[in-house]
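As you go down the protein sequences, you meet chains G and E in turn.
Each residue of the first sequence is one higher than the last, beginning at 190 in this note's numbering.
Each residue of the second sequence is one higher than the last, beginning at 190 in this note's numbering.
Number of protein chains: 2
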Amino acid sequence: MTRQAHLARDTAVRPVGFGRFAGTVTDGWLIAPGGAANGGYLMTMAARAMQAVVPQPDPVTVTAHFLRPAPLGEVLIATEVVRTGRRHSTVQAAVTDPGGTEEYVRLLGAFGDLASAEGPTRVDRHPPDLPPIEECVDTWEAERRLREQNPERRQPPPMFDRLDLRFPADVAGWAIGQPLGRGEMKSYSRLAGDESMDSFGLLMLADALPPAVFNTGEMRGWVPTVELTVQIRKRPAPGWLRTVFRTEALTRGYLEEDGEIWDEDGDLVALSRQLALAARSRRGG
Amino acid sequence: MTRQAHLARDTAVRPVGFGRFAGTVTDGWLIAPGGAANGGYLMTMAARAMQAVVPQPDPVTVTAHFLRPAPLGEVLIATEVVRTGRRHSTVQAAVTDPGGTEEYVRLLGAFGDLASAEGPTRVDRHPPDLPPIEECVDTWEAERRLREQNPERRQPPPMFDRLDLRFPADVAGWAIGQPLGRGEMKSYSRLAGDESMDSFGLLMLADALPPAVFNTGEMRGWVPTVELTVQIRKRPAPGWLRTVFRTEALTRGYLEEDGEIWDEDGDLVALSRQLALAARSRRGG
């Protein structure tokens with residue numbers, strides 16, 4: 190397998206002024222061919238700019254409001270330090286076109302040093318129950334074989350090439366019209382080419398799987414995110430991550446998706462929650 | 190009982206300039222005698238100012254980062270409209286001293302019209318299991334009787350007077366050294382004097398109960414909130430609300446508290462999550 194995620198490269202930012210950074214939205218992280226860039230990908234990019242203006246190295250909690258799709262190409266990330274503290278610092282950011290006219294994402298986050306965190310620990314959550322990885326569906330491989338058989342087959346999301354996801358067979362059933370019957374999506378996850386995952390990459394991964402609501406059987410289609418908040422608890426250990434996302438309250442078109450990401454040490458590395466819309470059209474606004 | 194919550198009065202804001210509002214932090218919502226004002230109370234106040242600059246009437250998701258305690262007296266709430274949309278609008282706000290020098294809370298929220306929301310509904314969550322209300326502990330009454338017996342007894346939090354909370358006996362056990370053994374806090378809840386609760390008041394209620402982590406038995410003391418996000422799904426029906434808060438991942442001093450608020454119609458009206466610290470001192474920063 191020669192796929193590579195290139196997440197670090199594709200989310201790199203460079204300073205272009207006081208508290209201002211440029212990044213490039215690449216075509217590797219689109220959620221559909223010709224579609225919008227993944228929200229979590231934009232969040233990882235923005236968080237790198239936010240971190241660059243404070244002393245602490247890790248995102249601890251980051252909230253993003255998604256305003257409109259970001260087109261491919263250069264974006265401006267304008268940061269504002271809200272408060273610099275000894276243990277945590279708080280930063281706001283706006284991701285816009287290079288001229289600063291159209292805003293795509295507004296963010297607010299707190300940064301800390303996860304390597305030096307200390308205090309009481311008690312975890313009553315458990316990593317998602319997954320079958321052995323060799324029994325899981327490698328959806329990328331399955332897609333590749335299906336396209337070999339049928340070159341007319343609709344292309345999968347470009348982002349799909351950047352991730353290595355292995356789903357339990359029943360969890361992947363929604364894609365062939367056999368949803369689980371509950372709002373759950375879970376998998377082994379890592380970056381393609383086994384690129385190393387840092388605390389910033391977890392922001393992307395918190396928004397990378399197909400919507401858990403697809404497994405309820407209640408709906409398919411566009412599920413635009415209004416707001417996504419990710420708590421990062423630990424820099425992930427190398428290797429496979431276990432991810433699980435659940436939607437348990439779809440109310441009059443609003444839904445939450447709650448996620449957990451666990452690493453190979455068995456530690457909870459991130460908790461996420463988003464508010465999304467069961468939209469009738471592609472426009473969420 | 191002549192207690193009154195006065196939440197509407199104590200969170201009212203008045204315009205003082207373009208996008209700028211004044212509010213008054215009263216002594217009714219302190220989390221300890223002489224202590225800090227409750228974060229959720231400040232959030233309700235700020236959200237009223239944020240709503241005043243957009244067409245939509247309800248908070249749909251609001252995130253607050255708590256930077257430092259707000260003293261009693263007047264505060265300035267400076268808003269910035271990030272995006273005005275047909276269905277949702279996004280607003281940022283800073284709560285500061287009247288001169289705009291010291292910032293206490295930074296917020297980012299989306300507003301919509303919950304009365305006109307429509308779309309698919311499927312709720313796999315359930316309201317918290319609570320015994321009949323007459324079997325629950327009215328902690329305010331219990332406190333009052335204890336103070337009659339012992340006038341030297343330490344005063345409860347002033348905020349306690351503004352709320353009418355009824356806890357299952359086992360859930361209230363933490364207060365007498367008998368924690369449940371799991372991170373859960375649940376109760377019937379309403380504003381004192383049965384003041385009506387609107388979509389804004391839910392922001393306060395999402396931060397009003399004692400920390401769920403107290404019921405693990407792992408820790409007591411100051412649990413400063415770094416960030417609180419509340420999703421509001423419905424304007425609550427009149428009457429008792431059922432509230433439940435859970436902490437299931439305390440990792441090296443960081444903890445989440447996930448909340449649900451249900452109304453008398455049996456509808457989920459709010460989902461909340463905060464990131465808080467198991468702090469050794471009173472300063473969270």
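Where a beta carbon is used, it is the ideal one built from N, C-alpha and C, also for glycine.
- Query: Is the shortest distance between the beta-carbon of residue 475/E and the beta-carbons of chain G less than 7 Å?
  - Reply: Any question about residue 475/E goes unanswered here, given that chain E covers just 190 to 474.
- Message: Beta-carbon within less than 7 Å of residue 243/G's beta-carbon, same chain only, minus the 5 sequence neighbours each way: which residues are those?
- Response: In chain order, 270, 273, 278, 280 and 300 place their CB closer than 7 Å to the CB of residue 243/G, counting only its own chain and leaving out the 5 sequence neighbours on each side.
- Under 7 Å between beta-carbons, which chain G residues line up against residue 246/E? List them in chain order, please. Taking a Cβ-Cβ threshold of 7 Å, none of the residues of chain G is close to residue 246/E; the smallest such distance is about 15 Å.
- Residue ranges of each alpha helix (DSSP H) within the region 334-421 of chain E, 4 or longer: Counting only unbroken stretches of 4 or more residues, the alpha helix (DSSP H) elements lying wholly within the region 334-421 of chain E are 390-394, in sequence order.
- Message: Rounded to the nearest angstrom, what separates residue 473/E and residue 294/E at their Cα positions?
- Response: The predicted model places residue 473/E with a pLDDT of 38, which falls under 50 and marks its position as unreliable, so this point remains unresolved.
- Using only alpha-carbon positions, find the residue among 263/E, 421/E and 356/E that is nearest to residue 401/E. It is 356/E.
- Task: Tell me whether residue 304/G is buried or exposed, calling it buried when 16 or more other Cβ atoms sit within 10 Å of its Cβ.
- Result: Exposed is the call here.
- Task: Please confirm if the region 374-382 of chain E is in contact with the region 340-353 of chain E, defined as three or more CB-CB distances below 8 Å between the two stretches.
- Result: The region 374-382 of chain E, when compared against the region 340-353 of chain E, does touch it at the 8 Å Cβ threshold.
- Message: Between which residues of its own chain and residue 477/G is the CB-CB distance below 7 Å, once the five residues before and five after are set aside?
- Response: Since the first and last residues shown for chain G are 190 and 474, residue 477/G lies out of range.
- Task: Decide if residue 450/G is buried, meaning its Cβ has at least 16 other Cβ atoms within 10 Å, or exposed.
- Result: Classification for residue 450/G: buried.
- Query: Under a three-way DSSP split, which group does residue 303/E fall into?
  - Reply: Correct three-state label for residue 303/E: helix.
- Query: Under three-state DSSP, which class holds residue 247/G?
  - Reply: In the structure shown, residue 247/G sits in a strand (DSSP, three-state: E or B).
- Query: Buried or exposed: which applies to residue 259/E, given that a residue is buried once 16 or more other Cβ atoms fall within 10 Å of its Cβ?
  - Reply: Buried: at least 16 other Cβ atoms inside 10 Å.
- Quick one: complete beta strand (DSSP E) runs, 3+ long, within the region 233-291 of chain E? Within the region 233-291 of chain E, the complete beta strand (DSSP E) runs of at least 3 residues are 247-255, 262-273 and 278-285.
- Starting from the beta carbon of residue 198/E, find every residue of chain G whose beta carbon is closer than 8 Å, and list them in chain order. Proximity of chain G to residue 198/E at the Cβ level (cut-off 8 Å) is not reached, the minimal Cβ distance being about 29 Å.
- With a cut-off of 7 Å, does the C-beta of residue 265/G fall near any C-beta of chain E? Under the Cβ distance rule, residue 265/G does not count among the residues neighbouring chain E, no pair being separated by less than 7 Å.
- Message: What does the Cβ neighbour count give for residue 471/G, buried or exposed, with the cut at 16 atoms within 10 Å?
- Response: Its pLDDT being 41, under 50, residue 471/G is placed unreliably by the model, and the measurement read from it follows with that caveat. Taking all protein chains shown into account, residue 471/G has fewer than 16 neighbouring C-beta atoms within 10 Å of its C-beta and is therefore exposed.
- Query: Would DSSP call residue 221/G helix, strand or coil?
  - Reply: Looking at residue 221/G - three-state DSSP - the assignment turns out to be coil, as it is neither helix nor strand.
- Three-state secondary structure (DSSP) at residue 554/G? Summary: the structure shown does not reach residue 554/G, with chain G confined to residues 190 through 474, and so no result is reported for it.
- Item | Contact residues within the region 299-332 of chain E, judged by C-beta distance below 7 Å to chain G | Within the region 299-332 of chain E, the residues whose Cβ lies closer than 7 Å to some Cβ of chain G are 299, 306, 307, 308, 309, 310, 311, 312, 313 and 314, listed in chain order.
- For residue 420/G, which residues in chain E fall below 7 Å Cβ to Cβ? Here the neighbours are 445 and 464.
- Paired residues, beta bridge with residue 438/E - DSSP: Looking at the DSSP assignment, residue 438/E forms a beta bridge with 312/G.
- Please decide whether residue 406/E counts as near chain G, where near means a Cβ-Cβ distance under 7 Å. Chain G, which has no Cβ nearer than 7 Å to the Cβ of residue 406/E, makes this no.
- Task: Examine chain E for any beta-carbon lying closer than 7 Å to the beta-carbon of residue 209/G, and answer yes or no.
- Result: The Cβ of residue 209/G sits no closer than 7 Å to any Cβ of chain E.
- Message: For a contact defined as C-beta to C-beta under 7 Å, what are the partners of residue 341/G on chain E?
- Response: Chain-order list of chain E residues neighbouring residue 341/G: empty, with the shortest C-beta distance near 32 Å, by a criterion of under 7 Å.
- Message: If you measure between the beta carbons of residue 250/E and residue 416/G, is that distance less than 7 Å?
- Response: In contact: residue 250/E and residue 416/G (Cβ atoms closer than 7 Å).
- Cβ shell of residue 205/G (< 8 Å), same chain only, five flanking positions each side left out: Result list for residue 205/G: 211 and 265, in chain order.
- Which of the three DSSP states, helix, strand or coil, is assigned to residue 327/E? DSSP, reduced to helix, strand and coil, places residue 327/E within a strand of the structure shown.
- Query: Any idea what DSSP makes of residue 332/E, helix, strand or coil?
  - Reply: Here residue 332/E sits in helix by DSSP.
- Are the beta-carbon atoms belonging to residue 268/G and residue 239/G less than 7 Å from one another? Cβ distance < 7 Å, so residue 268/G and residue 239/G count as in contact.
- Query: Helix, strand or coil for residue 319/E per DSSP?
  - Reply: Here DSSP, grouped into helix, strand and coil, assigns residue 319/E to coil.
- Count the C-beta pairs between the region 449-463 of chain G and the region 318-338 of chain E that are closer than 8 Å, then say yes if the count reaches three, no if not. Contact fails: fewer than three Cβ-Cβ distances are below 8 Å.
- Task: Using three-state DSSP, classify residue 197/E as helix, strand or coil.
- Result: In the structure shown, residue 197/E adopts helical secondary structure according to DSSP, grouped into three states.
- Query: In chain order, what residues of the same chain lie with their CB nearer than 7 Å to the CB of residue 192/E, ignoring the 5 residues before and after it?
  - Reply: The residues 350, 381 and 382, in chain order, have a CB closer than 7 Å to that of residue 192/E in the same chain once the five nearest residues on each side in sequence are set aside.
- Message: Under 7 Å, Cβ to Cβ, is there at least one residue of chain E near residue 412/G?
- Response: With respect to chain E, the C-beta atom of residue 412/G has no partner C-beta closer than 7 Å.
- Item | Pick from 219/G, 208/G, 207/G and 209/G that is closest to residue 196/G, judged by C-alpha positions | Ranked by Cα distance from residue 196/G, the options 219/G, 208/G, 207/G and 209/G are led by 219/G.
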